[in-house]
Amino acid sequence: MSKDNIKKIILNKEKVMSAAPIIGLVLVMLAFAVLTEGKSISKVNLKVLTNQFIMTALVAIGMVYCFACGALDMSAGGSLCLSAICGALAGVKTGSLAVMIVVVIIVAMLIALVKGLLAAYLTLPVFIVTIILGSLLSAIGLVLLGDETTLSVRYIVKIKDLTAINLIFIIGFFLVAMIIFNYTKVGKACKLQGGNPLASGQSGIDEKKIIIMSFLMSGAGIALAAIITILKTKTVTAASGGSIGNDVLVAIVLGGMPLTGGPKSKISAGIIGAATITILNNGLSLCNVSNDMIQIVRGIIFIFVVFITSMTYRTKLLPR
Amino acid sequence: MVRTKKITKNFIMMIIIPAVVYLIFWILCHIKGVTNFGVGTDLRVILRNTVYTGFIALAVSYNLTSGRFDFSIGATLILSTILGSIVTLQLNLGPIALLLFSLLFGAMIGCLSGLVYTLLGLPPMVVTLGLAMIYEAIGFTITKGAGVKLIGNYKLLVWSQEPYVYLLCIMIVFILYLALNKTKFGIDTGSLRGGQEIAVNTGINEKKNAIICFSIGGLCMAAAGVVNLSVLGTVTPELGLGSASYMANAFLPMFIGNILAKYFDRNTGVIMGALTQSIIFAGIGKLGVPSSWQSVITGMIVLVFFAYSFNSYKIVEFKMFKEKKAKAEAALHKGSVL
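Sequence lines, in order, name chains A and B. As numbered in numbering that gives the first Met the number 0, the first sequence has no gaps in its residue numbers, which increase by one up to the final residue, 319. As numbered in numbering that gives the first Met the number 0, the second sequence has no gaps in its residue numbers, which increase by one up to the final residue, 337.
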């Protein structure tokens with residue numbers, strides 16, 4: 000490689016950085032395809048992968064809006080759990096799939112609205128509030144479940160193959176989220192809000208409205224993921240949703256999203272990150288790596304990726 | 000005379016929140032005909048829970064009040080207690096060794112978190128999230144997922160019994176009181192809390208301070224872990240960031256501690272906050288609220304308190320604005336009369 004080429008690469012450092020998540024995803028795919036001798040790209044495994052990927056991706060795409068605003072929402076698991084439980088309860092009571100789905104959407108959006116109002120009007124640190132709120136929502140779910148531990152909706156949900164629904168949900172939601180994020184005032188205001196709230200406010204952006212809107216977008220992602228959960232498992236428990244909040248956080252970071260939000264936020268981070276983390280988890284499992292070792296690998300990769308992607312904006316003071 | 004008055008006032012302010020909460024629940028329980036709230040065994044459980052949640056809240060407070068969120072404290076509790084127990088059992092030592100080894104491992108793990116944070120210069124939440132995953136998995140791997148089981152080993156499990164649990168609390172709070180109020184570290188911590196940039200520009204070594212704060216956090220978590228181990232007899236490793244649940248009860252004591260810090264000392268304030276929370280939990284239980292509802296009610300209380308503590312300045316602002324307006328109107332009125 001000539002010196003000119005090296006110079007060009009250095010000059011285009013930012014571009015290389017923005018392509019890093021996709022390169023990472025391709026490398027992870029190739030590495031596991033070789034390591035598992037093609038098992039990871041077999042037809043059966045690809046179907047398993049798709050199922051695992053959809054959930055994380057739906058929540059992650061919506062969550063990009065919150066992250067872009069600088070609001071780290073950690074209550075995705077609790078929100079998903081409560082909306083799924085409410086929906087299942089309504090479904091069991093009425094025997095109607097449509098009612099169940101409508102209730103899931105209404106509850107998920109209401110929770111998102113509450114979170115948005117809390118963040119916008121009470122100026123609370125979103126990260127901590129949503130940790131508390133996450134466990135509160137799961138606790139409310141437990142109260143609603145009462146003596147039952149598992150709610151079965153088997154007789155309401157008669158759909159066997161979810162592939163079409165999965166594809167419609169993920170493609171539809173990604174397109175809508177991408178158009179709003181990249182080509183409308185809302186998306187641009189989100190990024191500006193995360194980058195510099197003061198400048199954003201002074202340029203006439205309604206900060207409160209934007210925060211509430213971004214929580215509603217993430218609520219939509221959670222609602223879709225909750226619907227998929229019910230349709231897939233046909234049962235709902237207090238553990239539904241589980242660790243999705245943490246999975247999404249890791250996924251978004253692996254997708255190249257700066258955790259501080261701002262102008263470098265990308266909607267693609269949700270989908271690329273979800274794909275990377277799903278392939279990584281699945282690939283390591285196929286290589287017979289135990290769950291604890293998978294977690295160590297995830298932890299190291301998580302820190303390493305953030306370190307690499309944040310190299311361009313390091314400050315003299317320690318970040319808080 | 001003035002000094003005595005000030006000390007008395009500060010003392011009253013320190014104990015007034017838990018005292019009032021205790022009184023409210025005592026009255027409510029007596030109205031409901033429950034007479035065993037806050038006395039005898041119930042009081043002992045309240046105090047033991049105070050020490051346990053107090054240690055966790057102290058650990059959170061050393062970083063969070065400086066704007067650093069340590070996500071790894073739950074994993075630090077688990078890993079330090081597992082390592083402390085394993086070494087003590089291997090060497091066939093007693094309860095003091097269990098405590099000291101756990102504290103040592105806790106401080107070392109905290110120090111490691113601080114080192115990684117300062118070396119990488121990444122947001123603390125990100126670093127500690129990654130480290131939490133690693134610590135959890137190490138705890139899981141070295142015990143092969145089984146954790147440590149010391150049930151029945153009463154010789155070792157003394158740190159939840161009287162008077163040891165109180166001695167441990169007094170000792171740690173006293174050391175932290177000295178560290179935060181009488182040393183350069185304490186003054187630096189206060190400066191960095193007040194204004195990071197100005198403090199760093201005056202020559203304060205922020206990295207050193209952050210590492211010490213993380214180490215203290217780790218030490219407090221290990222102390223909480225030893226108390227928890229003595230109560231339950233086991234430490235269960237977690238995966239999938241399940242260890243984050245350990246910090247759920249840390250926020251209310253920490254915010255009460257923040258409010259009380261100006262009257263005497265932040266550490267003592269946090270313990271008073273933990274006492275308040277333990278009284279609330281015990282009171283709700285005694286009032287016959289079903290266990291599933293207890294989490295909802297306590298979660299709501301924490302959320303309301305949290306909202307209040309972050310917005311109380313708005314009430315002060317509103318009062319000031321009103322006073323100013325009244326003054327201006329009075330002056331205007333006076334001017335027009337003249």
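Glycine residues also receive a C-beta, built at the ideal position from the N, C-alpha and C atoms. Values in this document were obtained by computation on a predicted structure and should not be read as measured data.
Nearest-angstrom Cα separation, counted from residue j out to residue i
i: Leu121(B); j: Leu121(A); result: 28 Å
i: Leu156(B); j: Gln276(B); result: 25 Å
i: Val98(A); j: Ala89(A); result: 7 Å
i: Ile243(A); j: Leu92(B); result: 42 Å
i: Ile6(B); j: Leu223(A); result: 58 Å
i: Ala138(A); j: Leu259(B); result: 30 Å
i: Gly241(A); j: Gln294(A); result: 16 Å
i: Lys324(B); j: Asn62(B); result: 40 Å
i: Ala237(A); j: Thr148(A); result: 7 Å
i: Met246(B); j: Val234(B); result: 16 Å
i: Asn180(B); j: Leu317(A); result: 24 Å
i: Pro236(B); j: Glu322(B); result: 56 Å
i: Cys65(A); j: Gly115(A); result: 9 Å
i: Ala225(A); j: Thr232(A); result: 11 Å
i: Lys159(A); j: Ser284(A); result: 26 Å
i: Thr297(B); j: Ser290(B); result: 11 Å
i: Ile141(B); j: Lys148(B); result: 14 Å
i: Ala107(A); j: Gly140(A); result: 13 Å
i: Val126(B); j: Ser289(A); result: 23 Å
i: Ile174(B); j: Lys285(B); result: 35 Å
Buried/exposed call for residue i, threshold 16 Cβ in 10 Å
i: Glu196(B); result: exposed
i: Met0(B); result: exposed
i: Tyr154(A); result: exposed
i: Leu166(A); result: exposed
i: Ile270(A); result: buried
i: Asn208(B); result: buried
i: Asn281(A); result: buried
i: Leu116(B); result: Note on residue identity: the sequence assigns Tyr, not Leu, to residue 116(B). Burial call: buried.
i: Lys333(B); result: exposed
i: Ala327(B); result: exposed
i: Ala119(A); result: buried
i: Ser386(B); result: Absent from the model: residue 386(B). The displayed extent of chain B is 0 to 337, so no value can be given.
i: Arg297(A); result: buried
i: Gly53(B); result: buried
Close Cβ partners of residue i (< 6 Å) along its chain, the five nearest in sequence each way excluded
i: Leu191(A); result: Ser199
i: Leu279(A); result: Val27
i: Pro262(A); result: Lys190 and Gly194
i: Met212(A); result: Val185
i: Ser309(A); result: none
i: Pro257(A); result: Lys263
i: Phe31(A); result: Ser39 and Gly282
i: Met216(A); result: Gly61 and Tyr64
i: Lys207(A); result: Ala119
7 Å Cβ shell around residue i - same chain, five flanking residues per side excluded
i: Phe126(A); result: Leu71 and Met73
i: Val199(B); result: Glu205
i: Ala87(A); result: Met99, Leu150, Val152, Ile229 and Val235
i: Trp158(B); result: Pro94, Leu98, Val164, Leu167, Val225, Val226 and Ser229
i: Leu123(A); result: Leu117
i: Asn310(B); result: none
i: Val247(A); result: Thr55, Val58, Ala59, Met62 and Ala75
i: Leu102(B); result: Leu218, Ala221 and Ala222
i: Gly133(A); result: Met73, Ser74, Gly76, Gly77 and Gly244
i: Ile203(B); result: Asp187, Ser190 and Leu191
i: Ile251(A); result: Ala59, Met62, Val63, Phe66, Ala268, Gly269 and Gly272
i: Val172(B); result: Asn266, Thr267 and Ile270
i: Val327(A); result: Summary: the structure shown does not reach residue 327(A), with chain A confined to residues 0 through 319, and so no result is reported for it.
Contacts around residue i, its chain only, beta-carbon distance under 8 Å, and the 5 residues preceding and following it disregarded
i: Val59(B); result: Asp69, Ile72, Gly216, Met246, Ala249, Phe250 and Met253
i: Asn44(A); result: Lys38, Asn281 and Leu285
i: Asp291(A); result: none
i: Val20(B); result: Thr275, Ile278, Ile279 and Gly282
i: Cys68(A); result: Cys189, Gln192, Gly193, Ile209, Ile210, Ser213 and Gly260
Residue i beta carbon near the ligand SAM (any heavy atom closer than 7 Å)
i: Ile251(A); result: Of the ligands one can find in the structure shown there are none, so the ligand SAM has no counterpart to examine.
(message) What ranges does the alpha helix (DSSP H) occupy inside the stretch 24-105 of chain B, keeping only unbroken runs of at least 4 residues that lie completely in it?
(response) 39-63 and 72-90
(request) Decide if the stretch 224-237 of chain B is in contact with the stretch 76-96 of chain B; the criterion is three or more beta carbon pairs, one per stretch, under 8 Å apart. (result) yes
(message) Extract the residue ranges of the alpha helix (DSSP H) inside the stretch 161-203 of chain A, only unbroken runs of 4 or more that lie entirely within it.
(response) 162-182, 184-194 and 196-201
(request) May I ask you to verify whether the stretch 32-49 of chain B touches the stretch 58-75 of chain B, counting CB pairs closer than 8 Å and requiring at least 3? (result) no
(request) Please determine if the stretch 98-115 of chain A and the stretch 167-174 of chain A are in contact, where contact requires at least 3 C-beta pairs separated by less than 8 Å. (result) no
(request) Only counting runs of 3 or more residues, tell me where the beta strand (DSSP E) segments fall wholly within the stretch 240-317 of chain A, in order along the chain. (result) none
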